[in-house]
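Asks: If you read the sequences in order, they're chains A and B.
The working numbering numbers the first residue of the first sequence as 9 and each following residue consecutively.
The working numbering numbers the first residue of the second sequence as 9 and each following residue consecutively.
Glycine residues also receive a C-beta, built at the ideal position from the N, C-alpha and C atoms.
This is the structure, below, for whatever I ask next.
Protein chains: 2
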Amino acid sequence: MANDHNTILTESIKRLLRRGATSHLAKIVNKAHVADLALVFRSMTLGNQKKLFAMIEDTEQKGDLFSALEENVLLDFIDSMRVDDIVEVMQNMPSDDVADLLGKIPQKKADAILEQMETEDSEEVEELLRYGDDTAGGIMIPDFIALPEDMTSQKAIESIQKDYHDVEMPFYIYVVDENYKLLGVISLRQLVVEKPQAQLKDFMATDIFSVRTDMDQEEVARIVARYDILAVPVIDETHQLVGIVTVDDVIDIIRLEATEDMLKMAGAGEVFVETQSVLKSTRIRLPWLFAAAVGGLLSVFIIGQFEESLQKLAYLAAFIPIIMAMGGNIGTQSSTIVVRGLATGRLHVTDLWKIVIKELSIGIILGLFYGLLIAIVAQVVFHETQSSGAFALSVGLAVLISMFIAALVGSLVPMLMARINIDPALATGPFVTTSIDMASVFFYFIIATALLGL
Amino acid sequence: MANDHNTILTESIKRLLRRGATSHLAKIVNKAHVADLALVFRSMTLGNQKKLFAMIEDTEQKGDLFSALEENVLLDFIDSMRVDDIVEVMQNMPSDDVADLLGKIPQKKADAILEQMETEDSEEVEELLRYGDDTAGGIMIPDFIALPEDMTSQKAIESIQKDYHDVEMPFYIYVVDENYKLLGVISLRQLVVEKPQAQLKDFMATDIFSVRTDMDQEEVARIVARYDILAVPVIDETHQLVGIVTVDDVIDIIRLEATEDMLKMAGAGEVFVETQSVLKSTRIRLPWLFAAAVGGLLSVFIIGQFEESLQKLAYLAAFIPIIMAMGGNIGTQSSTIVVRGLATGRLHVTDLWKIVIKELSIGIILGLFYGLLIAIVAQVVFHETQSSGAFALSVGLAVLISMFIAALVGSLVPMLMARINIDPALATGPFVTTSIDMASVFFYFIIATALLGL
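As structure tokens, then:
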């Protein structure tokens, strides 16, 4: 398992560090894959990170490691480096990674770095910095193969060998006109298979998917995933080809967006904080619980209104948890299905009513089932008490109404949010749960006092 | 936006179907990308699906459409087809997709199909059927380029043109010995760039990632994602190269696994059911709510034990919701972070105590904060009643303990489950929430009766 493999690597490096076995360490560090080194770095002190980093001989490897490191680890590390050393490493990183990074460090330091970079590199980076972080422009690679349509396949292969030898993802050849307008695409395999004298325009595919620089990265990821392509070309407002988004970045986006959605729905922030400090995690999670606290305090007042009823019939209180739990659980089911369905493109905002009505139908069926079940239990348990029938009916009705409301709120709120372009995952966490709690408790007491004449 | 683009396509096709504009329809259907057609099919009746399907001229396109359709849509569609017609389409599908599909239709029909397929194809499929659905063997493609190490790069290019022209993902060339043992790997680009007379062994990379046929697909996906590769070779127990897992399948796995985890955590089944019927959805979701119902009924008995206390002090009941909500919300935070962290490889089961202690620390800090806040509110609201100080203290302590227990259960249970190889997402849904609810209510009443002398 990759994880175990990594634990072993981390442990050996730690052991060698303690023993000061520098030459052995250097050998391991220079042989390891940067993706593995990045994981090792995560559990090292800054001092040890610096020691290991200094052992890396190849500057390109240093650049790759920077690209592979998790954001918070990298930012801490960079914070401790001199500008000269950062620039040296960054010259060896893909410009989209550099742009990403510069967007996250203090403006002053970023400017100093840009100033010291070679003009060609810094221009590419500044170009990328123009685009929003989460857009196609922000995640694209500006290195790609673009050739004219009248070039022969033989010349094209020669050009790839000569002019494009350091392109990261050389699997598609884009055919462009003199204004860099995209005309067609050819896979590297096709090029290899074609006759040497055939012109690119003779065999290029012309039905090309492309995305605009301002398209949201989630949408870009959906397109790459849906059409099973390895890279999608990115076009600016003047229809010029300016970059490509590659499948490896798409994988990262898909994982990240799923993580973000889960954390948002759980009210635990937006970015994964497990590797950060207790205090930082606490600070991120504290405000989300505020919704639950405020909702809970409102419930205190709601129930407070029924103090008299409770004094007459103390066991009314015993059913508060089950009524809250039934509503809460079905609400979570509904909102999870809707949020994930919207994120994966399996549900569409235009189907709002179809989806909400379906969730409501499910809510009613499940509400009838569990309402009846719980009413029967209430009747059996309390059959010796006065007006036990009315009490059982109250409890059953309260369960039904709670589950009905929960299915409604749990599906309608995220659908409405998506419609007005607010992230539905964000709107679905503690707020929805809390409002379902309050509504459940409120209707329970209204029904019980009415039916029992309290 | 891809979704809007698709809505437009679906609407035009529906309109043309109503008008019976067959020739126009046929043109659209044959021009559309199968990924788009698959989405159109989702919202069509079986009758209309059959009409559209009959219009597709190219059998290969029919095979691609089968591969692109969602499972439940495809199974319904196939159910209505004759074996001959299915076989004709399946001959044009990648054998991994065929194997996947045959594993899901009734054994008898699957056998009939296999029997009618051409021997070569059916052997490949039967080979794949040997492996578990969710393993590297189950998702691999058995088509790949494998060449001997002493072949020259020129001969290799010729061989790719001649022998491997229908390989799906020709981006890596695997170098093998006479027993198909994997020796090295070469990217297609490298091959194009090398001198014609260079032998493959001279420039192949020998530090290759490979996976075993029985490796879990999630693990395979993690490896492809971590090392940014387009395909990973799959090796069987005799170290023979038997297939590759490609990045487009990895994307599907990553999305699917995230969806599954979310649904499991919400107690809403394992597969996305939104497109299925109300009754089917209800049936899937009903049993999960049972945990909440049983837990809720146990809470009835717990609170029932304190009936006397409630009769003396009715407003004890008013704080039940807030104590449950504070525990429930922090429990969801903890379990989501742990489950997602384990799934993405950012947390590791061997760090069990480190992670649980961190969550507990956060639980205590947040518990102290919100316990104090809620105690102050209780004191302010009930300051005119007898022993309001003791009451406020009880409420505050109950919030603290509830949040402490929730952080403990929410992090410990999924970590333990992962350790004994039970899916942590499955163990984290309604069961954890329900047990936190019960514990919260129980300790609240214990503390309150003790401190208030009820």
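(1) Whole angstroms are fine: how far does the CA of A435 (chain A) sit from the CA of S395 (chain A)?
(2) Per DSSP, which one or two residues make a beta bridge with G192 (chain A)?
(3) Would the stretch 398–408 of chain A and the stretch 376–383 of chain A be scored as touching if the rule is three or more Cβ pairs under 8 Å?
(4) Please list, in chain order, the chain A residues whose beta carbon lies closer than 7 Å to that of E315 (chain B).
(5) Quick one: which residues of the stretch 133–157 of chain B get their C-beta closer than 9 Å to a C-beta of chain A? List them in chain order.
(6) Taking 8 Å as the CB-CB cut-off, is G461 (chain A) touching chain B?
(7) To the nearest angstrom, how far is the alpha carbon of L191 (chain B) from that of D185 (chain B)?
(8) If you count every other CB in all the chains shown that lies within 10 Å of the CB of H173 (chain A), and 16 or more means buried, which is it?
(9) Anything in the stretch 343–367 of chain A with a Cβ closer than 7 Å to a Cβ of chain B? List those residues in chain order, please.
(10) What is the DSSP secondary structure of P329 (chain B), reduced to helix, strand or coil?
(11) Which bits of chain B does P329 (chain A) rub up against, with CB to CB less than 7 Å?
(12) Taking just the CA atoms, how far does T143 (chain A) sit from I194 (chain A)?
(13) Below 8 Å between beta carbons is the criterion; list the residues of the stretch 260–284 of chain A that meet it against any residue of chain B, in chain order.
(14) State yes or no: is the C-beta of P102 (chain A) nearer than 7 Å to some heavy atom of the ligand ZN?
(15) Is it buried or exposed, D84 (chain B), if we count other Cβ atoms within 10 angstroms and call 16 or more buried?
(16) Kindly indicate which residue of B:V286, B:L408, B:G349 and B:G277 has the alpha-carbon position closest to the one of R263 (chain A).
(17) Apart from the five residues on each side of it in sequence, which residues of its chain come closer than 7 Å, Cβ to Cβ, to P295 (chain A)?
(18) Is the distance from the Cβ of D44 (chain A) to the Cβ of L17 (chain A) below 8 Å?
(19) Going by alpha carbons, who is nearest to D359 (chain A) out of A:V388, A:S419, A:G339 and A:S410?
(20) Assuming A414 (chain B) and S342 (chain B) form a contact by the criterion Cβ under 8 Å, report the distance between their Cβ atoms to the nearest whole angstrom.
(21) Near S88 (chain B), what residues of its chain come up, given a Cβ to Cβ distance below 8 Å and the 5 sequence neighbours on each side ignored?
(22) Rank B:V106, B:R138, B:Y323 and B:I216 by C-alpha distance to the C-alpha of H391 (chain B) and give the top, closest one.
(23) Going by other Cβ atoms of all chains shown within 10 Å of its Cβ, with 16 needed for buried, is V258 (chain A) buried or exposed?
(24) Contact defined as beta carbons within less than 8 Å: I believe S161 (chain B) pairs with P204 (chain B). What is the distance between those atoms, to the nearest angstrom?
(25) Return no unless some Cβ of chain A is closer than 8 Å to the Cβ of R427 (chain B).
(26) Using DSSP with H/G/I as helix, E/B as strand and the rest coil, what is G335 (chain A)?
(27) Compute the distance between the beta-carbons of L208 (chain B) and V183 (chain B), then report whether it is under 8 Å.
(28) Check each residue of the stretch 210–226 of chain A: if its Cβ is closer than 7 Å to any Cβ of chain B, include it; give the result in chain order.
(29) Residue range of the alpha helix (DSSP H) that L264 (chain A) falls in?
(30) Is the CB of L190 (chain A) under 8 Å away from at least one CB in chain B?
(31) In terms of alpha-carbon separation, which member of A:L33, A:L355 and A:Q225 lies closest to T15 (chain B)?
(32) For chain B, check one thing: does any of its Cβ atoms lie closer than 8 Å to the Cβ of F412 (chain A)?
(33) I need the boundaries of the beta strand (DSSP E) containing L155 (chain A), first residue and last residue.
(34) Please determine if the stretch 329–340 of chain A and the stretch 324–332 of chain B are in contact, where contact requires at least 3 C-beta pairs separated by less than 8 Å.
(35) Below 8 Å CB to CB, which residues in the same chain sit around I261 (chain B) once its five sequence neighbours on both sides are set aside?
(36) Please check the pair S103 (chain B) and D119 (chain B), which I expect to be a contact at CB under 8 Å, by giving their CB distance rounded to whole angstroms.
Replies: Concretely, from the data shown:
(1) 42 Å
(2) A:V183
(3) Segments in contact, yes.
(4) A322 and Y323
(5) none
(6) So, not an interface residue.
(7) Taking the straight line joining both Cα atoms gives about 7 Å.
(8) H173 (chain A) comes out exposed.
(9) Taking 7 Å as the cut-off between beta carbons, the residues of the stretch 343–367 of chain A near chain B are T344, I345, R348, G349, T352, G353, R354, L355, H356, T358 and K366, in sequence order.
(10) helix
(11) G304, S307, I328, M332, D445 and V449
(12) 25 Å
(13) D260, I262, R263, A266, T267, D269, M270, L271, M273, A274, G275, A276, F280, V281, E282 and T283
(14) With respect to the ligand ZN, the structure shown offers nothing to examine, as it has no ligands at all.
(15) exposed
(16) B:G349
(17) Listed in chain order, the non-local C-beta contacts of P295 (chain A) below 7 Å within the same chain number zero, local neighbours out to five positions each way being set aside.
(18) Yes, Cβ-Cβ distance for D44 (chain A) and L17 (chain A) is below 8 Å.
(19) A:S419
(20) The distance from the Cβ of A414 (chain B) to that of S342 (chain B) is about 7 Å, consistent with a contact at the 8 Å cut-off.
(21) L54 and K58
(22) B:Y323
(23) Its Cβ being crowded by 16 or more others within 10 Å, V258 (chain A) is buried.
(24) 6 Å
(25) no
(26) DSSP places G335 (chain A) in helix when its eight states are reduced to three.
(27) yes
(28) none
(29) V255 to M273
(30) no
(31) A:L355
(32) no
(33) I153 to P156
(34) yes
(35) I147, Q225, E226, V228 and A229
(36) Actually they do not touch by this definition, with Cβ atoms about 17 Å apart.
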